[in-house]
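Asker: Submitted below is the structure of interest, expressed as structure tokens.
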Amino acid sequence: MQTYSHLILTGALNGRFAQHLRAKEKLPPLRSKALLLGSILPDLPLITISIITIGYDILAGNFANGAPGPDAPIGHSVTQQLFDVWFYQNPWVITAQNLFHSPLLVPIFMLIGLWAYRRGKQWGATFFWLSAAALLHTLIDIPLHVDDGPLLLYPLNWTLRFRSPVSYWDPNYYGREWSIFEHLLDLALLVYLFVRYRPNWQAWRQRRKTNSYQ
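As numbered in my numbering, residues 5 to 218 make up the sequence shown, in order.
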């Protein structure tokens, strides 16, 4: 799933989490900002590395004839090297990609956050909800990747992935069909968010307008 779709979906679920937590006193209070950040956090390291490699390729002239296609030889650009080789073999890239993508590791982060919260640490609730959103992100990603999904047992195993018949991006594995569904879902959720938060937005604008006259 696209990174922005994770953010939209988690934003739509944010209110549901708040309602559910009213009856769950043992869980930390909801931290909406941490939840939203956690929804995109698993992808941020690779996005950052990609921006750096793309910038390097542009400066080096590797994209002078356009971005390389899927049949371009490995090593045509640093960015292609990143996704074709380093993604699977470089321990630093693997760690950056799977630190918050691992379905084995992220629940441990949640437990750490819960443990800290119950001992009065202010950061505990934030880390719990940051990790909870990252786990939701991961659970969605696993069935939407053919051979490039999250490592299921990282850091114990650095190669095991679930091979899904569906890819969110590859047209050879229903990528076009999924993309249509995903963006229709995004549109529906954005409409839902607009309707849900429009009164809050109008109230905020009214308060701002009132304060400007004082």
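Cβ coordinates follow ideal geometry from the N, Cα and C atoms, glycine included.
Which parts of the region 78–115 are runs of the beta strand (DSSP E), unbroken and 3 residues or longer, counting only runs that do not cross its ends?
Answerer: The qualifying runs do not exist here; there are none.
Asker: Whole angstroms are fine: how far does the CA of W205 sit from the CA of H105?
Answerer: Along the sequence shown, read from residue 1 onward, the residue named residue 105 stands at position 101. Along the sequence shown, read from residue 1 onward, the residue named residue 205 stands at position 201. Rounded to whole angstroms, H105 to W205 spans 34 Å at the Cα level.
Asker: Could you tell me which uninterrupted beta strand (DSSP E) segments, each at least 3 residues in length, are contained entirely in the region 30–72, listed from first to last along the chain?
Answerer: Complete beta strand (DSSP E) runs here, min 3: none at all.
Asker: Rounded to a whole number of angstroms, what is the C-alpha to C-alpha distance between I98 and Y92?
Answerer: The sequence position of residue 98 within the sequence shown is 94, counting from 1. The sequence position of residue 92 within the sequence shown is 88, counting from 1. Their Cα atoms are separated by approximately 7 Å.
Asker: In this structure, how does DSSP classify R202 when only helix, strand and coil are distinguished?
Answerer: By one-based count along the sequence shown, residue 202 stands at place 198. In the structure shown, R202 sits in a helix (DSSP, three-state: H, G or I).
Asker: May I have a chain-ordered list of the alpha helix (DSSP H) segments no shorter than 4 residues that lie completely inside the region 113–154?
Answerer: List check, alpha helix (DSSP H) in window: 126–145.
Asker: Just to confirm, are N102 and Y158 a CB contact at a threshold of 8 Å?
Answerer: Taking the sequence shown and counting its residues from 1, one reaches residue 102 at position 98. Taking the sequence shown and counting its residues from 1, one reaches residue 158 at position 154. In contact: N102 and Y158 (Cβ atoms closer than 8 Å).
Asker: Closer than 8 Å by C-beta to S183: which residues in its own chain qualify, once you throw out the five before and the five after it? Chain order, please.
Answerer: Taking the first residue of the sequence shown as 1, we reach residue 183 at position 179. So the list reads Y172, W173, once near-sequence residues are dropped.
Asker: Closer than 6 Å by C-beta to T57: which residues in its own chain qualify, once you throw out the five before and the five after it? Chain order, please.
Answerer: Along the sequence shown, read from residue 1 onward, the residue named residue 57 stands at position 53. These residues qualify, in order along the chain: V82, T83, L86.
Asker: Grouping DSSP H, G and I as helix and E and B as strand, with all else coil, what is R167?
Answerer: Here the question's residue 167 lines up with position 163 in the sequence shown. Reduced to three states, the DSSP call for R167 is coil.
Asker: Name the residue from I44, A64, I12 whose alpha carbon lies nearest to the alpha carbon of F198.
Answerer: For the purposes of this step, residue 198 is taken as the residue at position 194 of the sequence shown. Closest option to F198, Cα to Cα, is I12.
Asker: According to DSSP, is L157 part of a helix, a strand, or is it coil?
Answerer: As a first step, residue 157 is located in the sequence shown; it is residue number 153 there, counting from the start. The answer is coil: DSSP assigns L157 none of H, G, I, E or B.
Asker: When the distance is taken between beta carbons, is P169 closer than 8 Å to L143?
Answerer: On the sequence shown, residue 143 is found 139 positions in, with the first residue counted as 1. On the sequence shown, residue 169 is found 165 positions in, with the first residue counted as 1. It is not a contact, given that the beta carbons lie outside the stated cut-off.
Asker: How is D174 classed by DSSP in three states: helix, strand or coil?
Answerer: Position 170 of the sequence shown, counting from 1, holds the residue named residue 174. In the structure shown, D174 sits in coil (DSSP, three-state: anything other than H, G, I, E or B).
Asker: Could you compute how far the alpha carbon of A38 sits from the alpha carbon of A16?
Answerer: Here residue 38 is taken as the residue at index 34 of the sequence shown, counted from 1. Here residue 16 is taken as the residue at index 12 of the sequence shown, counted from 1. For A38 and A16, the distance between alpha carbons rounds to 14 Å.
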